[in-house]
Amino acid sequence: MPSLIYAIFSTVDVVALLTLFVSALMFTVFTIRARRDGRFPLRPIGVYERMRRLVSHAAESGQSLHVSVGSGRIGTEATPQALMGITAADYLARRSTEYAYPLMSTAGSPTVFATAHGVLQQAETSPGETGGGKIRFYGPDPFAYAAGTYDTLQEKAPLAHIVLGQFNAEGLWISEAASGQDFLQIGGTSDPSSAMLMWLSLDEAVVGEELYAAGAYLHRPSHLGSLATQDYLRVVLILSIIVGVVMASLGYWG
Amino acid sequence: MKKILPITAAIFCGGLALLDFFFASPQIDAAGAILVEGVVILAAFALLLGLLNILLVHLRRMTLGEGDRGASFVLVLALLVTAALGISMPDSASIDWLFEYIYSPLQSTMTALLAFFVVSAAYRAFKIRDVGAAILLISSLFVLFAQLPFSASLSLYVSSLRDWVFKVPVTASMRGFLLGIALGTITTSLRVLLAVDKPYARS
Chain C
492 MPSLIYAIFS TVDVVALLTL FVSALMFTVF TIRARRDGRF PLRPIGVYER MRRLVSHAAE
552 SGQSLHVSVG SGRIGTEATP QALMGITAAD YLARRSTEYA YPLMSTAGSP TVFATAHGVL
612 QQAETSPGET GGGKIRFYGP DPFAYAAGTY DTLQEKAPLA HIVLGQFNAE GLWISEAASG
672 QDFLQIGGTS DPSSAMLMWL SLDEAVVGEE LYAAGAYLHR PSHLGSLATQ DYLRVVLILS
732 IIVGVVMASL GYWG
Chain Y
1047 MKKILPITAA IFCGGLALLD FFFASPQIDA AGAILVEGVV ILAAFALLLG LLNILLVHLR
1107 RMTLGEGDRG ASFVLVLALL VTAALGISMP DSASIDWLFE YIYSPLQSTM TALLAFFVVS
1167 AAYRAFKIRD VGAAILLISS LFVLFAQLPF SASLSLYVSS LRDWVFKVPV TASMRGFLLG
1227 IALGTITTSL RVLLAVDKPY ARS
């Protein structure tokens, strides 16, 4: 038996397993705390603040909002980014049923389309609610998605265009092609090169890890626990880097 | 039941995928392979759903006269012709012709437009509005200049400074950026794995 355990664990990436274990532990503790104590203090992130104001504005004016949920494929490494696009669509769809403003959405991958379709339909069929949103798919090719989204933006002329999720070059294509239009464009992605290009083009952008805070900032207090975990893990990382640098400088390591 | 079943399935599949990642065992590997196959099949069905969406949206546009009816007609026609050729003659020269002379040039056109979009976006970003934009402009112009072949002949400091810019501020900020993304990915995955975030279940 010990030899079997040794055989299994000798092939395991112990550091990765330990990181996962510590993260899961912190995540559980902070999520329970967030559910018990309510809100953690949050620094303002412009895009999410603006998104909330846009909802009020759309409710007052009756103008539509457009959300592009990206071309990330669920089931690949792009899943977490794609889910943030879905989270934003979910928030806007729920508010759309509440305040009766039109919502339009476009998706660039079949799996993210199916998930977003389900989320929008769910908002639409909540008891006593009507509205939700409509979603369009323009094929799994990123540039077909970009062209289709641009066409939909031209056709619907929304109050604002929210571009949040996983984007590569098509993110810049969409935001820059539509930049001359008379509507606001906000959003972002976490892929470094695309994020920088979209940051240049959008009126307001989230970059990198801020993308993953969408749920906690918009409408899911249960996400606050994961946000706290992210912050504490960052502190652990910073301390590890400092300790590593000091040890290496003193000749104890490396 | 509508809630519990998808949550149980998600936790089970996520746990199994994690076990497959960490442990090298033939049984776990086989189970992981089945899951991957399942994802491929689901993605194929999602694509069918997407195709249906394209057809419905554009047939509706054509019949009700919403948006550009001509573009919708071309899209539906192209979709049906490609599908018909692909199903009836999958390895034929006609399919190759479609991709080589229609799809590829269209894609190249879209890609080529990106170059102009980068320039126009950079032009707007480089307008000096604050200290950050000024630093961005100066450092970008310096790096562009230092990449020129003759810049090294002007002064030795130019290439050393360029190397320093790449090695220290660029690498440091990129590593910070990537570490932040990794933390975000870990916590988002944990949210789904521990069923705190359930995009697949009715809430």
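As you go down the protein sequences, you meet chains C and Y in turn. For this note's numbering, count along the first sequence from 1 and bump the result up by 491. For this note's numbering, count along the second sequence from 1 and bump the result up by 1046. The beta-carbon is built from N, C-alpha and C at its ideal position, and this holds for glycine as well.
Taking the alpha carbon of residue i as the point to measure from, which residue in the options has its own alpha carbon closest?
i: residue 545 (chain C); options: C:583, C:684, C:655, C:522; result: C:583
i: residue 1061 (chain Y); options: Y:1245, Y:1235, Y:1246; result: Y:1235
i: residue 1126 (chain Y); options: Y:1104, Y:1206, Y:1212; result: Y:1104
i: residue 1185 (chain Y); options: Y:1197, Y:1172, Y:1086; result: Y:1172
i: residue 1121 (chain Y); options: Y:1134, Y:1098, Y:1136; result: Y:1098
i: residue 626 (chain C); options: C:514, C:739, C:558; result: C:558
i: residue 542 (chain C); options: C:706, C:731, C:508; result: C:706
i: residue 1240 (chain Y); options: C:716, C:548, C:728; result: C:716
i: residue 1228 (chain Y); options: C:652, C:611, C:570, C:632; result: C:570
i: residue 1206 (chain Y); options: Y:1110, Y:1188, Y:1221; result: Y:1188
i: residue 1170 (chain Y); options: C:507, C:547, C:671; result: C:671
i: residue 1221 (chain Y); options: C:581, C:535, C:732, C:505; result: C:732
i: residue 1092 (chain Y); options: C:631, C:536, C:738; result: C:631
i: residue 1165 (chain Y); options: C:615, C:534, C:688, C:506; result: C:688
i: residue 720 (chain C); options: C:647, C:669, C:642, C:513; result: C:513
i: residue 611 (chain C); options: C:600, C:633, C:669, C:587; result: C:587
i: residue 1090 (chain Y); options: C:600, C:553, C:596; result: C:600
i: residue 537 (chain C); options: C:572, C:702, C:734, C:695; result: C:695
i: residue 615 (chain C); options: C:595, C:644, C:718; result: C:595
i: residue 592 (chain C); options: C:554, C:585, C:634; result: C:554
i: residue 506 (chain C); options: Y:1059, Y:1063, Y:1055, Y:1068; result: Y:1068
i: residue 1158 (chain Y); options: C:602, C:589, C:634; result: C:634
i: residue 1233 (chain Y); options: C:580, C:714, C:649; result: C:714
i: residue 673 (chain C); options: C:690, C:665, C:651; result: C:651
Consult DSSP for residue i and reduce its assignment to one of helix, strand or coil.
i: residue 1100 (chain Y); result: helix
i: residue 557 (chain C); result: strand
i: residue 621 (chain C); result: Any answer about residue 621 (chain C) is weak, because its pLDDT of 46 lies below 50 and its placement is not dependable; what the coordinates show is given next. If DSSP states are grouped into helix, strand and coil, residue 621 (chain C) belongs with coil.
i: residue 657 (chain C); result: strand
i: residue 1071 (chain Y); result: coil
i: residue 746 (chain C); result: Look at the range of chain C in this structure, 492 to 745, and you will see that residue 746 (chain C) is not part of it.
i: residue 679 (chain C); result: strand
i: residue 598 (chain C); result: strand
i: residue 548 (chain C); result: helix
i: residue 568 (chain C); result: coil
i: residue 506 (chain C); result: helix
i: residue 750 (chain C); result: This structure leaves residue 750 (chain C) out entirely; chain C is present only between 492 and 745.
i: residue 627 (chain C); result: strand
i: residue 1228 (chain Y); result: helix
i: residue 748 (chain C); result: In the structure displayed, chain C extends from 492 to 745; residue 748 (chain C) sits before or after that span and is not available.
i: residue 695 (chain C); result: strand
i: residue 652 (chain C); result: strand
i: residue 1049 (chain Y); result: coil
Would you kindly work out how many angstroms separate the C-alpha atoms of residue i and residue j, rounded to a whole number?
i: residue 704 (chain C); j: residue 1123 (chain Y); result: 42 Å
i: residue 638 (chain C); j: residue 736 (chain C); result: 48 Å
i: residue 709 (chain C); j: residue 574 (chain C); result: 14 Å
i: residue 1246 (chain Y); j: residue 741 (chain C); result: 52 Å
i: residue 657 (chain C); j: residue 1226 (chain Y); result: 16 Å
i: residue 663 (chain C); j: residue 698 (chain C); result: 14 Å
i: residue 1211 (chain Y); j: residue 598 (chain C); result: 38 Å
i: residue 1175 (chain Y); j: residue 1086 (chain Y); result: 48 Å
i: residue 526 (chain C); j: residue 712 (chain C); result: 7 Å
i: residue 1133 (chain Y); j: residue 578 (chain C); result: 37 Å
i: residue 1151 (chain Y); j: residue 629 (chain C); result: 18 Å
i: residue 1154 (chain Y); j: residue 1148 (chain Y); result: 10 Å
i: residue 640 (chain C); j: residue 1177 (chain Y); result: 35 Å
i: residue 1182 (chain Y); j: residue 653 (chain C); result: 26 Å
i: residue 1057 (chain Y); j: residue 549 (chain C); result: 38 Å
i: residue 1106 (chain Y); j: residue 1096 (chain Y); result: 15 Å
i: residue 1047 (chain Y); j: residue 1244 (chain Y); result: 15 Å
i: residue 1191 (chain Y); j: residue 517 (chain C); result: 48 Å
i: residue 1230 (chain Y); j: residue 1143 (chain Y); result: 44 Å
i: residue 1083 (chain Y); j: residue 744 (chain C); result: 44 Å
i: residue 1131 (chain Y); j: residue 1145 (chain Y); result: 12 Å
i: residue 649 (chain C); j: residue 1117 (chain Y); result: 21 Å
i: residue 678 (chain C); j: residue 1128 (chain Y); result: 34 Å
i: residue 621 (chain C); j: residue 581 (chain C); result: Because residue 621 (chain C) sits at a pLDDT of 46, beneath the cut-off of 50, its placement in the model cannot be relied upon, and the following sentence gives the value as read from the coordinates. Approximately 14 Å, taken between the alpha carbons.
Could you check how far apart the C-beta atoms of residue i and residue j are, in whole angstroms? I think they sit under 8 Å.
i: residue 692 (chain C); j: residue 661 (chain C); result: The Cβ separation is near 12 Å, so there is no contact.
i: residue 568 (chain C); j: residue 1113 (chain Y); result: Between residue 1113 (chain Y) and residue 568 (chain C) the Cβ distance is about 35 Å, and since that is not below 8 Å, they are no contact.
i: residue 572 (chain C); j: residue 702 (chain C); result: 7 Å
i: residue 686 (chain C); j: residue 676 (chain C); result: About 15 Å separates the two Cβ atoms, so there is no contact after all.
Which residues in chain B sit within 9 Å of residue i, going by Cβ to Cβ distance?
i: residue 695 (chain C); result: Among the protein chains of the structure shown, namely C and Y, there is no chain B.
May I ask you to verify whether the segment 602-611 of chain C touches the segment 1065-1082 of chain Y, counting CB pairs closer than 8 Å and requiring at least 3? Cβ pair count under 8 Å is below three, so no.
Measuring CB atoms only, is the segment 553-571 of chain C touching the segment 510-530 of chain C, in the sense that at least three cross pairs come out at less than 8 Å? In short, these stretches do not touch, since the Cβ pair count stays below three.
Touch test, the segment 675-686 of chain C against the segment 642-661 of chain C, Cβ-Cβ under 8 Å, three pairs minimum: Result yes; three or more Cβ-Cβ pairs closer than 8 Å.
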